[in-house]
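Its first residue numbered -13, the sequence shown is counted upward by one per residue in my numbering. All residues carry an ideal CB built from backbone N, CA and C; glycine is no exception. All of these numbers come straight from a predicted model, not from anything done at the bench. Since the structure comes first, as structure tokens, the remarks are kept for the end.
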Amino acid sequence: MSVVVRVASAADAAAISHVRVASWRVAYRGLIAQEVLDGLDEVQEAERRAAGWDRYNADPRSVNVVAERGGEVVGWAAVGPAVDDDTEPDAPERGQVFAVYAVPDAWGTGIGHALMVAAEEHLRAAGFTEAVLWVLEGNERAARFYESHGWHEDGGTLVDDSLVGGVAAHALHERRRVKTLG
């Protein structure tokens, strides 16, 4: 079955939320507290995502893309200007890959690859020559995926203690990866 990657719209909010929640519940099991994963609510997330769609996409360099297989959204990626850019003041602005997720039954089928290619193409088209992304510590599957696409760890770390689904996520440790988009 062929895969179609296209720019998403606010009408895709529910499908994107399904992809994210389904992926998180499997990929982050054992890495994020189970009560956090159990507390993820697709409906609330879809409402929040739809309500903030125009604000997030106000910058023309920001884009969400979805991957469809058989007319069903099975993957999602989001990119835009880096929000955590700590590069030197004179360095060019970086782009950021905020998300690349696929429903678990699409893992290993090329959906993630198609999304990553599209994400990097959008960043290049937006004029970014370098990009960053963050990977949850311990998420070896994601680390291997990004490494296979030319991303490498640069030593940057962060501790995210924000709320996930209304529950404290217990200080998630993440490692930064970078890629020159040339």
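Would the region 60 to 69 count as touching the region 83 to 101 if we require 3 or more Cβ pairs under 8 Å?
Touching, per the Cβ criterion.
Buried or exposed: where does Ala44 fall if 16 or more other Cβ atoms within 10 Å of its Cβ makes it buried?
As a position in the sequence shown, residue 44 is number 58, starting the count at 1. That one is exposed.
Could I get the ranges of all uninterrupted alpha helix (DSSP H) runs contained in the region -4 to 27, with 4 residues as the minimum, in chain order?
Within the region -4 to 27, the complete alpha helix (DSSP H) runs of at least 4 residues are -1 to 13 and 20 to 24.
Is there contact here, the region 29 to 42 with the region -8 to 7, by at least three beta-carbon pairs under 8 Å?
Cβ pair count under 8 Å is three or more, so yes.
Determine whether the beta carbon atoms of Ala100 and Ala53 lie at a separation below 8 Å.
Here the question's residue 100 lines up with position 114 in the sequence shown. Here the question's residue 53 lines up with position 67 in the sequence shown. Closer than 8 Å, so yes.
So what's Glu160 in DSSP terms, helix, strand or just coil?
One-based indexing of the sequence shown puts residue 160 at position 174. Strand, per DSSP.
Based on Cα-Cα distance, which residue from Pro67, Met(-13) and Asp40 lies nearest to Gly56?
Working through the sequence shown from its first residue, we reach residue 56 at position 70. Nearest C-alpha to Gly56: Met(-13).
With distance defined between alpha-carbon atoms, name the residue in Arg163, Glu160, Glu28 and Pro67 nearest to Ala111.
Reading the sequence shown from its first residue, position 125 is the one you call residue 111. Minimum Cα distance to Ala111 is reached at Pro67.
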